[in-house]
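Here the structure is laid out as structure tokens; the discussion comes afterwards.
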Amino acid sequence: DQQVKQNSPSLSVQEGRISILNCDYTNSMFDYFLWYKKYPAEGPTFLISISSIKDKNEDGRFTVFLNKSAKHLSLHIVPSQPGDSAVYFCAASFLSPSGNLIFGKGTKLSVKP
Amino acid sequence: DTAVSQTPKYLVTQMGNDKSIKCEQNLGHDTMYWYKQDSKKFLKIMFSYNNKELIINETVPNRFSPKSPDKAHLNLHINSLELGDSAVYFCASSQDRNQPQHFGDGTRLSIL
């Protein structure tokens, strides 16, 4: 049973345009959400996070939006660059001492020059 | 100056063998983790250690055992390897649960 879902396995965007990656979750107890970026043969790299008490967090070209009522979050990349081409993982965690992250399956983003 | 390093990067071995994967972090973090990425690409938590104490242990076979000689290391020992253990194993660390986890580059384990 997937608690964190990324329903689009891939996304292709033109350089300079906006990339929007989506993520849905089922457990309303999640209180912390993160996006990771992964290149082939490398580990995931932290990109941006958001606490459940906020609905938006911005860091440069990256903005994460959280809609708790819809149990949905999205990552916006503006403007998209070819170097952004990677697999993007959405992750969520509970209020617990473990910090256990639950990951989605990932969305492969291709940014075309 | 790699933050989280894992060795080896590739590990090919036969069924029934015992193997270890090492992980070291130089970030001064208090918590370390092991994740498994299976053939379906899901990243799933296996273990985490906080100040040398196991604080979670997901439903993994007891053939897998984490060992932490000190705060900077969390090694993964696997006994009696099975075909289904083939996967990429990632080590990670974080200062605490409210901080992002930093990942190593993974160890690709292949069982023949």
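Residue numbers (our numbering), protein chains in the order written: chain S, 36 to 148; chain Y, 1261 to 1372.
Even for Gly, the Cβ is constructed at its ideal location relative to N, Cα and C.
Item	Value
What did DSSP end up calling proline 114 of chain S once you bin it into helix, strand or coil?	coil
Would you say glycine 78 of chain S lies against chain Y (beta-carbon separation less than 7 Å)?	yes
Starting from the beta carbon of phenylalanine 1363 of chain Y, find every residue of chain S whose beta carbon is closer than 9 Å, and list them in chain order.	Tyr71, Lys73, Glu77, Gly78, Pro79, Thr80, Phe81
Give me the chain S residues within the contact set of leucine 1287 of chain Y, using Cβ-Cβ distance strictly less than 8 Å, ordered along the chain.	In chain order: nothing, as chain S lies at least about 12 Å away.
Which of the three DSSP states, helix, strand or coil, is assigned to leucine 1372 of chain Y?	coil
Out of S/Phe129, S/Asp66, S/Lys73, S/Gly118, which has the shortest C-alpha to C-alpha gap to glycine 51 of chain S?	S/Gly118
Exposed or buried, tyrosine 1293 of chain Y, counting other C-beta atoms within 10 Å across all chains shown (16 or more means buried)?	buried
So what does DSSP say about aspartate 1298 of chain Y, is it helix, strand or coil?	coil
Per DSSP, tyrosine 187 of chain S forms a beta bridge with which residues?	Any answer about residue 187 of chain S is impossible in this case: the structure gives chain S only from 36 up to 148.
Where does aspartate 94 of chain S sit, in a helix, a strand or coil, going by DSSP?	strand
Secondary structure at aspartate 59 of chain S, three-state DSSP: helix, strand or coil?	strand
Under three-state DSSP, which class holds aspartate 1345 of chain Y?	helix
Going by beta-carbon coordinates alone, are aspartate 1278 of chain Y and asparagine 1339 of chain Y separated by less than 7 Å?	yes
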